[in-house]
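> This is the structure, below, for whatever I ask next.
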Amino acid sequence: MKQEKFKVLLYLKKSSPDKSGKTPIMGRITIGRSMSQFSLKLSCTPGLWNPRESRLDGKSREAVVTNAKIEELLLAVHSAYDTLIERNRPFDAESVKNLFQGSMGAQTTLLVLLDKYIDGLRARIGIDVAPTTLSGYVYTHRSLGKFIKKKFKTKDIAFGQLNEQFIREYQDFVLVEQGYSMDTVRHYLAILKKMCKIAFKEGISEKLHFVHYKLPKQKEATPKALSRESFEKIRDLEIAPNRHSYLLTRDLFLFACYTGTSYADIVHIREENLFTDEDDNLWLKYRRKKTDFQPVVVLRCLATEPNRFYNRVSYHSTA
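In this text, residue positions in the sequence shown follow full-length UniProt numbering: the first is 1, and each later residue adds one.
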């Protein structure tokens, strides 16, 4: 389909000022020979209007707020135009106006969808979601908000406005400007792609964005195993009784090694998690925080001094 010239012009309707003297801002979409006018539902002080830039001059509150809303509206207009181009069917200026006005009224934007998802996670904390999982989404929301504000001069963005350039520039923003590691960048981008997938499945987005965009590779690090000799050195190290934090750290580490328990689970162990069987063997029973699986571990390695470990671990759990 042949693409005709597309243009958006903004102007003031000076014949209809309100009681405060402000005049409505109007728009005109032109595609080839077709034309459609629309109201931005914004008004401004005529003296601040710059017709060449189609923006308000200065840094007053009125100028900053109004210009941000104009940016958001123009992005929606161009997004509607791009969507109609992708459909590869004939359309005119009126089609663009109808699409962008309908989307502005009912469309769920990127950060709004992420907000809703975060609310859902927050309600599931303690059930099947860990607080650290929630914080990852919150930090991603914060990072995306900063990027959108800097790049588009607006608070949010519609899914129709997303493209490959957006995710590439966002990756650079997180990596270079925010100075985060590649693993953090990968995590943020994975959440962004997840939101796009949800938007497509729920009919919020007509396109599945970033489906072919490859996430940065994770660092491949070979896990280092602790030798038996090194373990025994740590175990037998003499630590002064008054170095309580050193003793606690060492014993938490040894307890984790003996039982295979993660730090996140150790800090929730209580006296009721320990029990003895009919042969006086000491056992540990607890629920894993991440999966809710219930391991049962025999504490033979701690049989000679269970109180040393339990008392310190229990103290750390309740501190």
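The beta carbon of each residue, even a glycine, is placed where N, CA and C say it ideally should be.
So, helix, strand or coil for Asn-50, using DSSP?
Position 50 of the sequence shown, counted from the first residue, corresponds to residue 50. Looking at Asn-50 - three-state DSSP - the assignment turns out to be strand.
> The beta strand (DSSP E) spanning Ser-43 covers which residue range?
Here residue 43 corresponds to residue number 43 of the sequence shown, with the count starting at 1. Unbroken beta strand (DSSP E) run through Ser-43: 34 to 44.
> To which residues of the same chain is Ala-256 closer than 8 Å at the C-beta, ignoring the five residues directly before and after it?
In the sequence shown, residue 256 corresponds to position 256, counting from 1. Excluding residues within five positions, the ones whose Cβ falls inside 8 Å are Ser-262, Tyr-263, Ile-266.
> Where are the alpha helix (DSSP H) runs, 4 residues long or more, that stay fully inside the segment 93 to 137, in chain order?
Counting whole runs of 4 or more residues, the segment 93 to 137 contains the alpha helix (DSSP H) stretches 93 to 106, 110 to 123.
> Classify Thr-23 as helix, strand or coil using the three-state DSSP reduction.
For the purposes of this step, residue 23 is taken as the residue at position 23 of the sequence shown. In the structure shown, Thr-23 sits in a strand (DSSP, three-state: E or B).
> Could I get the ranges of all uninterrupted alpha helix (DSSP H) runs contained in the segment 247 to 290, with 4 residues as the minimum, in chain order?
Segments of the alpha helix (DSSP H) lying fully in the segment 247 to 290: 263 to 266.
> Skipping 5 residues on each side, what residues in its chain have a beta carbon closer than 7 Å to that of Val-298?
Locating residue 298 in the sequence shown gives position 298, counting from the first residue. Counting only Cβ-Cβ distances below 7 Å, and skipping sequence neighbours, we find Asn-281, Trp-283.
> Would Asp-172 pass as a contact of Leu-110 if the rule is Cβ separation under 8 Å?
Counting from 1 along the sequence shown, the entry for residue 172 is found at position 172. Counting from 1 along the sequence shown, the entry for residue 110 is found at position 110. No, Cβ-Cβ distance for Asp-172 and Leu-110 is not below 8 Å.
> Short check: CB of Ile-239 to CB of Leu-247, under 8 Å?
Walking along the sequence shown from the start, residue 239 turns up at place 239. Walking along the sequence shown from the start, residue 247 turns up at place 247. Yes, these two residues count as a Cβ contact at 8 Å.
> If I follow the unbroken alpha helix (DSSP H) through Val-298, where does it start and stop?
Here residue 298 corresponds to residue number 298 of the sequence shown, with the count starting at 1. From DSSP, Val-298 is part of no alpha helix (DSSP H) but of the beta strand (DSSP E) over 296 to 298.
> Using only the alpha-carbon positions, how far apart do Tyr-139 and Arg-288 sit?
Against the sequence shown, residue 139 aligns to sequence position 139. Against the sequence shown, residue 288 aligns to sequence position 288. Roughly 25 Å separates the two Cα atoms.
> Under 8 Å by Cβ, that's how I've got Glu-206 and Thr-83 pegged, so tell me the actual separation to the nearest angstrom.
The residue labelled residue 206 in the question sits at position 206 within the sequence shown. The residue labelled residue 83 in the question sits at position 83 within the sequence shown. Contact holds; Cβ gap of about 7 Å.
> When you compare the CB positions of Leu-113 and Ile-25, do they come within less than 8 Å of one another, or not?
Within the sequence shown, numbered from 1, the residue matching residue 113 stands at position 113. Within the sequence shown, numbered from 1, the residue matching residue 25 stands at position 25. Taking 8 Å as the Cβ cut-off, Leu-113 and Ile-25 do not qualify as a contacting pair.
> Ile-127 to Lys-150, Cα distance in whole Å?
Position 127 of the sequence shown, counted from the first residue, corresponds to residue 127. Position 150 of the sequence shown, counted from the first residue, corresponds to residue 150. Distance between the alpha carbons of Ile-127 and Lys-150 is about 37 Å.
> Just to confirm the assignment, what range does the beta strand (DSSP E) spanning Tyr-11 have?
The residue given as residue 11 occupies position 11 in the sequence shown. Element bounds for Tyr-11: 6 to 12.
> Quick one: grab the DSSP three-state call for Ile-191.
Here residue 191 refers to the residue found at position 191 of the sequence shown. Note: Ile-191 maps to helix in three-state DSSP.
> From Tyr-258 to Pro-216, what distance separates their C-alpha atoms?
As a first step, residue 258 must be located in the sequence shown, where it is residue number 258. As a first step, residue 216 must be located in the sequence shown, where it is residue number 216. One C-alpha to the other measures close to 36 Å.
> How about the segment 181 to 188 and the segment 58 to 75: do they share at least three Cβ pairs that are nearer than 8 Å?
Counting Cβ pairs under 8 Å, fewer than three are found: no touch.
> Starting from Ser-230, trace the alpha helix (DSSP H) both ways and give me its first and last residue.
As a first step, residue 230 is located in the sequence shown; it is residue number 230 there, counting from the start. Element bounds for Ser-230: 228 to 236.
> Can you list, in chain order, the residues of its chain whose CB lies under 8 Å from that of Lys-153, leaving out five sequence neighbours each side?
Sequence index remark: in the sequence shown, residue 153 carries index 153 (1-based). Answer for Lys-153: Asn-67, Ala-68, Glu-71, listed in chain order.
> Is it buried or exposed for Ser-16, if we count other Cβ within 10 angstroms and need 16 for buried?
As a working note, residue 16 is residue 16 in the sequence shown. With fewer than 16 other Cβ atoms within 10 Å, it is exposed.
> Can you pull the DSSP bridge partners for Ile-29?
Looking up residue 29 in the sequence shown gives position 29. Val-8, Ser-36, per the DSSP bridge assignment.
> Quick check: Ile-167 and Leu-134, are their CB atoms within less than 8 Å of each other?
Numbered from its first residue, the sequence shown carries residue 167 at position 167. Numbered from its first residue, the sequence shown carries residue 134 at position 134. Cβ atoms of Ile-167 and Leu-134: not closer than 8 Å.
> Within the continuous alpha helix (DSSP H) that includes Gln-3, where are the two ends?
Counting from one through the sequence shown, the residue named residue 3 turns up at place 3. Segment: none, Gln-3 is in no alpha helix (DSSP H) and carries neither H nor E.
> Just the C-alpha distance for Gly-105 and Leu-74, rounded to the nearest angstrom, thanks.
Looking up residue 105 in the sequence shown gives position 105. Looking up residue 74 in the sequence shown gives position 74. Confidence in Gly-105 is poor, its pLDDT being 48 and thus under 50, which makes the residue's placement unreliable; the coordinate value appears in the next sentence. Taking the straight line joining both Cα atoms gives about 14 Å.
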